[in-house]
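Under this note's numbering, the residue at position 210 of the sequence shown is numbered 509, and the numbers go up by one with no gaps. All C-beta atoms, glycine included, are put in the ideal place defined by N, C-alpha and C. Here the structure is a predicted model, which means the values were calculated and not measured. One structure is given here, and the rest of the page talks about it.
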Amino acid sequence: MSVFSTFIKKLEAPTTDMMITASQRVGSHIQRVTLTLPQGQMKEFSIGSYIQPMVGGVVPRAYSIAETDNRSCTIIVSFSGGGVGGRFFRDARVGDVVSIYGPFDDFPYHYSTGRPKIFMATGTGVAPFVRMVPEAMNEHRSTVLVLGVPHREDIPYASYFYDVAKKNGSIFAFVPVLSAPDAAWEGERGYVTDIWQGREKMLLQSDVYICGVPPMVAGAEEFLKHIGMDPSHTFIQKFG
Ligand SMILES: Cc1cc2nc3c(=O)[nH]c(=O)nc-3n(C[C@H](O)[C@H](O)[C@H](O)COP(=O)(O)OP(=O)(O)OC[C@H]3O[C@@H](n4cnc5c(N)ncnc54)[C@H](O)[C@@H]3O)c2cc1C
């Protein structure tokens, strides 16, 4: 089926009206927004799924689900680009109602592969990993989450991931990588692919999940191809 036919098929699907019940700024350019179903309704928002809110009246934008309790779902939206979707969620208020297509499910967590997990994201691309990391912990899989952002205050879910690392230190490492760090930053600097120089073997032995904007995904894919990564162990969600 062509990309266009898939798009039309999605638009023919019924929408659900969801109400914004929480909205919170994260760092300089991310809005964390919770959308809640009408009273009495439940939906399964499976791990790795995304919704398509109708913003600006014409073309729906896609946002990955970071949290859910089957009555509501929480998304994190970057508004740094100044586009329609980003501005819509930056300015939306608690009580606003949004028409939602989905959820759509094409970036699942792969259970029982017997391999370590490496999650790579930039910015809001970390959303699906908020729920995948605990699954990896439940499976007792060695796991690394590498998250690229410009500044430390822009790390979404920072305290959540540091907490998971504190509780699962022997199997989970949380590695924020800052592209524009302040002088006091003692962690990794640069881009998410930089930290793998000399650690290529670890990637080759793992399931590698990548989520984020197209340039980051393209860079990571090129790097994995260069080191001879088997594509059947690479799972990708591209934000565009
Ligand atoms: C499966 C999937 C999941 C996704 N999940 C997420 C997610 O969890 N979080 C997230 O943030 N995004 C996510 N995205 C990306 C998201 O769907 C949108 O593409 C993104 O929010 C940009 O849409 P927009 O309407 O803000 O920008 P658009 O209006 O589509 O514009 C695109 C770009 O054009 C430029 N532009 C447009 N208007 C202006 C302006 N006035 N001034 C300056 N530049 C401008 C900007 O560079 C902008 O980013 C996902 C995408 C996919 C496909």
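(request) Go ahead and label residue 413 buried or exposed: buried means 16 or more other beta carbons lie within 10 angstroms of its beta carbon, across all protein chains shown. (result) Counting Cβ neighbours within 10 Å, residue 413 comes out exposed, since fewer than 16 surround it.
(message) Excluding the 5 residues flanking residue 324 on each side, which residues of the same chain have their C-beta closer than 7 angstroms to its C-beta?
(response) Close CB contacts of residue 324 within its chain, under the 7 angstroms cut and outside five residues either way in sequence, are with 330 (chain order).
(message) Less than 9 angstroms between the C-beta atoms of residue 347 and residue 410, yes or no?
(response) Taking 9 angstroms as the Cβ cut-off, residue 347 and residue 410 do not qualify as a contacting pair.
(message) Could you check if residue 362 belongs to the surroundings of ligand 1, using beta carbon to heavy atom distance under 8 angstroms?
(response) True, at least one ligand heavy atom lies under 8 angstroms from that Cβ.
(request) Just the C-alpha distance for residue 300 and residue 534, rounded to the nearest angstrom, thanks. (result) Any reading at residue 300 is ruled out, since the residue's pLDDT is 48, under 50, leaving its predicted position unreliable.
(message) Nearer than 8 angstroms: is that true of the beta carbon of residue 377 relative to any heavy atom of ligand 3?
(response) Annotation note on ligand 3: not contained in the displayed structure, which lists ligand 1 as its ligands.
(request) Measure how close the beta-carbons of residue 476 and residue 491 come, nearest whole angstrom, since I'm counting them as under 8 angstroms. (result) About 5 angstroms separates the two Cβ atoms, so the contact holds.
(message) Following a CB-centred definition, is residue 374 positioned closer than 8 angstroms to any heavy atom of ligand 1?
(response) Correct: residue 374 has its Cβ closer than 8 angstroms to ligand 1.
(request) Return the chain-ordered list of same chain residues with a C-beta closer than 7 angstroms to the C-beta of residue 362, the five sequence neighbours on each side being excluded. (result) Hits under 7 angstroms: 349, 350, 352, 374 and 376.
(request) Would you tell me roughly how many angstroms separate the C-alpha atoms of residue 358 and residue 400, rounded to the nearest one? (result) Straight-line Cα distance between these residues: approximately 11 angstroms.
(request) Check the C-beta distance from residue 518 over to residue 538 and give it rounded, since I have them as a contact under 8 angstroms. (result) About 14 angstroms; that fails the 8 angstroms criterion.
(message) Going by the DSSP bridge assignment, what does residue 399 pair with across the sheet?
(response) Residue pairing of residue 399 in beta bridges, as defined by DSSP: 315 and 352.
(request) Select from 436, 428 and 379 the residue whose C-alpha is nearest the C-alpha of residue 449. (result) Comparing alpha carbon positions, the residue from 436, 428 and 379 closest to residue 449 is 379.
(message) For residue 444 and residue 342, what's the separation of their Cα atoms in angstroms?
(response) In a straight line, the C-alpha of residue 444 is about 28 angstroms away from that of residue 342.
(request) Take residue 340 and list the residues in its own chain whose beta-carbon comes closer than 8 angstroms to its own, dropping the five residues that flank it on each side. (result) Cβ neighbours of residue 340 beyond the five flanking positions: 315 and 370.
(message) Whole angstroms are fine: how far does the CA of residue 398 sit from the CA of residue 313?
(response) Their backbone Cα atoms lie some 10 angstroms apart in a straight line.
(request) Give me the Cα-Cα distance between residue 528 and residue 504, rounded to the nearest whole angstrom. (result) Cα-Cα distance, rounded: 9 angstroms.
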